[in-house]
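Below: one structure, written as structure tokens.
Residue numbers (my numbering): 910 to 1066.
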């Protein structure tokens, strides 16, 4: 429920997909970890965490674009963590947020993420481990930011 996951009828477990809310342009990357949906003509069921970031909680069903990013991956033995604070299509917006965050936080960086249709500029902060990521996410949340903790292969090199 609180992980960036989704259910799909046919994609292999572990496949990463980008889901874009066509009503507001927000996008998330989720990992397929379940089968479904089995209701009507829906093509994907998102976890609560993913739905919240797309601003679709309460609405339920929205028009989306679904892009398959890659197939299943093995999980590294030592997880790495990062906290994402924003994702932008306009690089200027990402740079502005990066500058703002650097006044109060360390390890701020912009990760470029390319799909066949778009480039996204994701503003993130590195964390040493899960406990540090949780603490950092809480601090950012208290400062008014919407955050997402990322693990392993969702990090940029």
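Every residue, glycine too, gets a C-beta built ideally from N, C-alpha and C.
Cβ pair residue i, residue j closer than 7 Å
i: residue 925; j: residue 978; result: yes
i: residue 920; j: residue 952; result: no
i: residue 995; j: residue 1006; result: yes
i: residue 958; j: residue 990; result: no
i: residue 964; j: residue 933; result: yes
i: residue 993; j: residue 1031; result: yes
i: residue 950; j: residue 916; result: no
i: residue 1045; j: residue 1037; result: no
Nearest-angstrom Cβ-Cβ length linking residue i and residue j, presumed shorter than 8 Å
i: residue 929; j: residue 974; result: 4 Å
i: residue 1029; j: residue 956; result: Rounded, the Cβ-Cβ distance is 20 Å, inconsistent with contact.
i: residue 1151; j: residue 1057; result: The shown model of the chain, from 910 to 1066, leaves out residue 1151, and the question about it has no answer.
i: residue 927; j: residue 1024; result: 6 Å
Residue range of the alpha helix (DSSP H) that includes residue i
i: residue 1008; result: 1000 to 1011
i: residue 1043; result: 1039 to 1051
Near the ligand NAD: residue i beta-carbon under 6 Å from a heavy atom
i: residue 1022; result: Annotation note on the ligand NAD: not contained in the displayed structure, which lists no ligands.
Beta-bridge pairing of residue i - partner residues as DSSP gives them
i: residue 1054; result: The partner list for residue 1054 (beta bridge, DSSP) is empty, contrary to what the question assumes.
i: residue 1028; result: 1023
i: residue 1015; result: Its beta-bridge partners do not exist; DSSP assigns none.
Restricting to runs no shorter than 4 residues, where is the alpha helix (DSSP H) found entirely within the segment 910 to 991? 957 to 962
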